[in-house]
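Q: Chains as they are written, first to last, in my numbering: chain F, 505 to 779; chain L, 505 to 779. The structure follows.
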């Protein structure tokens with residue numbers, strides 16, 4: 505797998521032109537909420553928002569000061585439609601959006617859906633994948649978030665690249681195969697690491713101690729991998745495969761799935777430390 | 505399990521007195537290195553360092569400006585001996601240290617070894633457990649690190665509490681059962697989360713992308729749980745148990761243990777989100 509061979513040198517010339525593009529958001533979830541607000545802040549015209557539910561559509565449209573609808577067949581015209589929805593409904597929605605503005609650029613923000621989802625359906629399309637964990641309740645700065653772009657042709661490439669550059673310092677062209685692996689990496693580093701925090705929170709609860717006591721440890725663990733590789737940064741009983749400690753910990757865990765996770769992760773840590 | 509019932513009200517009066525105590529470190533690993541340096545900086549006299557290897561003993565003693573030895577039977581006298589060594593060798597070393605200074609206070613820093621390890625061997629003893637991940641190459645500030653203390657009697661409790669307070673704002677008395685669960689929580693939140701970073705690093709490597717692209721995601725994941733519970737903060741395909749995405753990811757993973765980790769963690773995330 506390699507990065508896509510796109511004309512990066514031509515990209516900057518299209519910067520001003522792309523600011524004239526208007527954008528419509530299909531979806532009002534975590535990604536759509538943060539991305540639309542960042543693009544509005546960067547000077548783009550957000551034409552409207554579609555969501556399945558009135559509350560989501562209205563809440564986001566209110567922050568953007570734009571049109572909203574819950575009827576996918578009643579969109580307003582825009583230069584770019586950004587689909588930021590669950591993978592399972594993307595194709596169905598895409599089909600309906602295309603009918604209304606076949607000449608527009610169609611973009612999705614998913615890590616795991618290949619660009620081929622657009623092929624044969626529309627002429628201009630691309631991917632705009634910001635690699636971050638978004639929750640509506642937590643503000644994020646896009647500046648430092650890597651954005652990975654892929655496109656149907658050079659013109660769309662330039663448009664998407666310059667839009668991405670208007671909100672982030674880290675923009676890369678990347679093909680779909682590479683992006684899928686990147687998405688897997690992001691699930692491991694974020695969703696799985698966060699689940700480790702959840703499992704730890706349960707133990708703190710059982711010990712009658714507040715979760716906040718773990719925050720210095722969680723922060724330091726994240727901070728260390730800015731300086732050391734995570735393999736070098738690894739500490740704890742599993743590195744030495746200290747079975748005495750591992751068995752004491754297992755004796756505290758009654759849930760089968762949590763015991764299996766503990767055993768597998770410990771073995772994997774040990775194997776990775778000594779490979 | 506409950507916190508131990510120690511006389512917290514009496515603790516502050518012993519602050520000055522405890523600064524007169526001299527300390528000897530058995531062990532020169534990650535914990536001993538950071539803890540001894542913090543205590544020296546706080547004004548304690550570090551009498552010496554023992555390590556199995558010349559290089560570890562000498563390196564740490566040089567930073568502390570103190571005596572060092574690799575012969576456990578040739579220690580110098582001190583008021584407190586802090587044993588910061590692998591769980592598997594602690595009892596054997598403790599036996600040899602006690603012979604030389606039976607009237608001193610003996611302390612260990614392990615999360616998973618109960619205070620009963622000292623019982624019947626010596627009169628004054630305790631636990632001094634700083635909950636943090638320590639690597640020699642990474643400087644840490646103790647100020648924010650929770651330290652958990654347990655002791656043989658009130659006098660030792662006061663001594664250890666005031667020593668802990670001289671380097672940290674978060675000091676608690678905690679019994680051995682509770683500390684073992686706390687240690688399990690720390691392994692989950694730190695060692696397992698860090699291993700998720702390692703697994704992610706391998707995928708980045710396969711995609712030909714630098715690990716540093718993951719840092720904003722890793723930082724945000726840690727930052728979010730300062731505001732939301734990790735369960736509320738959870739995002740990603742496993743929350744919805746989107747089997748289409750899960751199967752695409754599994755198709756990229758060839759190692760059996762990594763596939764099993766991926767499947768178990770995804771199932772556990774889903775169960776925890778919907779409980």
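From the three backbone atoms N, C-alpha and C, an ideal C-beta is built for every residue, glycine too. This structure is a prediction, so every number in the text was calculated from the model and none was measured.
So is residue 749 of chain L buried or exposed if we call it buried at 16+ other beta carbons inside 10 Å?
A: Result: buried.
Q: For residue 717 of chain F, would you say it is in contact with chain L, using Cβ-to-Cβ distances shorter than 9 angstroms as the test?
A: True, the Cβ-Cβ gap to chain L drops below 9 angstroms.
Q: So for residue 599 of chain F, helix, strand or coil by DSSP?
A: DSSP places residue 599 of chain F in helix when its eight states are reduced to three.
Q: Does the count of Cβ pairs from the stretch 641-661 of chain L and the stretch 717-729 of chain F closer than 8 angstroms reach three?
A: Flag = yes, the stretch 641-661 of chain L and the stretch 717-729 of chain F touch.
Q: Of the choices L:528, L:556, L:561, L:532, whose alpha-carbon is the least far from that of residue 548 of chain L?
A: Of the listed residues, the one whose Cα sits closest to residue 548 of chain L is L:528.
Q: Beta-carbon within less than 7 angstroms of residue 690 of chain L's beta-carbon, same chain only, minus the 5 sequence neighbours each way: which residues are those?
A: Around residue 690 of chain L: 615, 635.
Q: What does the alpha-carbon distance come out to for the pair residue 526 of chain F and residue 663 of chain F?
A: Spanning the two alpha carbons is a distance of roughly 12 angstroms.
Q: Once the 5 residues before and after residue 523 of chain F are set aside, which same chain residues still bring their CB inside 6 angstroms of it?
A: 547.
Q: Using a Cβ-Cβ cut-off of 8 angstroms (strictly less than) and excluding sequence neighbours within five positions of residue 660 of chain F, which residues of its own chain qualify?
A: Closer than 8 angstroms at the Cβ level, and outside the excluded window around residue 660 of chain F, lie 609, 628, 629, 630.
Q: Thinking residue 535 of chain F and residue 613 of chain F are a contact (beta carbons under 8 angstroms), I'd like their distance in whole angstroms, please.
A: With a Cβ gap of about 5 angstroms, residue 535 of chain F and residue 613 of chain F count as contacting.
Q: Please check if any C-beta of chain F sits within less than 9 angstroms of the C-beta of residue 733 of chain L.
A: So yes, residue 733 of chain L belongs to the interface.
Q: Is any beta-carbon of chain L found at less than 9 angstroms from that of residue 612 of chain F?
A: It does not: the Cβ of residue 612 of chain F has no partner Cβ on chain L nearer than 9 angstroms.
Q: For the alpha helix (DSSP H) containing residue 589 of chain L, list its first residue and its last residue.
A: Counting along the chain, residue 589 of chain L falls outside any alpha helix (DSSP H), and DSSP gives it neither H nor E.
Q: Any Cβ of chain L within less than 9 angstroms of the Cβ of residue 703 of chain F?
A: Yes - at least one Cβ of chain L is within 9 angstroms of the one on residue 703 of chain F.
Q: Just the C-alpha distance for residue 742 of chain L and residue 771 of chain L, rounded to the nearest angstrom, thanks.
A: Using only the alpha carbons, I get a separation of about 7 angstroms.
Q: Once DSSP output is grouped into helix, strand and coil, what is the label at residue 675 of chain F?
A: DSSP places residue 675 of chain F in strand when its eight states are reduced to three.
Q: Just to make sure I have the definition right: I need the residues of chain L whose C-beta is within less than 7 angstroms of the C-beta of residue 649 of chain F. Which are they?
A: By Cβ distance, chain L contributes 720.
Q: Excluding five sequence neighbours on each side, which residues of the same chain lie with their C-beta closer than 6 angstroms to the C-beta of residue 618 of chain F?
A: Closer than 6 angstroms at Cβ, skipping near neighbours: 680.
Q: How far does the alpha helix (DSSP H) with residue 609 of chain L in it extend, from its first residue to its last?
A: Unbroken run through residue 609 of chain L is the beta strand (DSSP E), 609-612; no alpha helix (DSSP H).
Q: Which residue spans inside the stretch 656-708 of chain L form an unbroken alpha helix (DSSP H) run of at least 4?
A: Runs found: 658-671, 680-690.
Q: Take residue 581 of chain F as the anchor and find which of F:558, F:597, F:598, F:551 has the nearest alpha-carbon.
A: Here the closest residue by C-alpha is F:551.
Q: In chain F, which residues lie less than 9 angstroms from residue 538 of chain L when you measure between Cβ atoms?
A: Chain F residues near residue 538 of chain L: none, gap ~11 angstroms exceeds 9 angstroms.
Q: Going by the CB atoms, is the gap between residue 725 of chain L and residue 693 of chain F shorter than 9 angstroms?
A: Going by C-beta atoms, residue 693 of chain F is nearer than 9 angstroms to residue 725 of chain L.
Q: For residue 541 of chain F and chain L, any beta-carbon pair shorter than 9 angstroms?
A: It does not; no Cβ of chain L falls within 9 angstroms.
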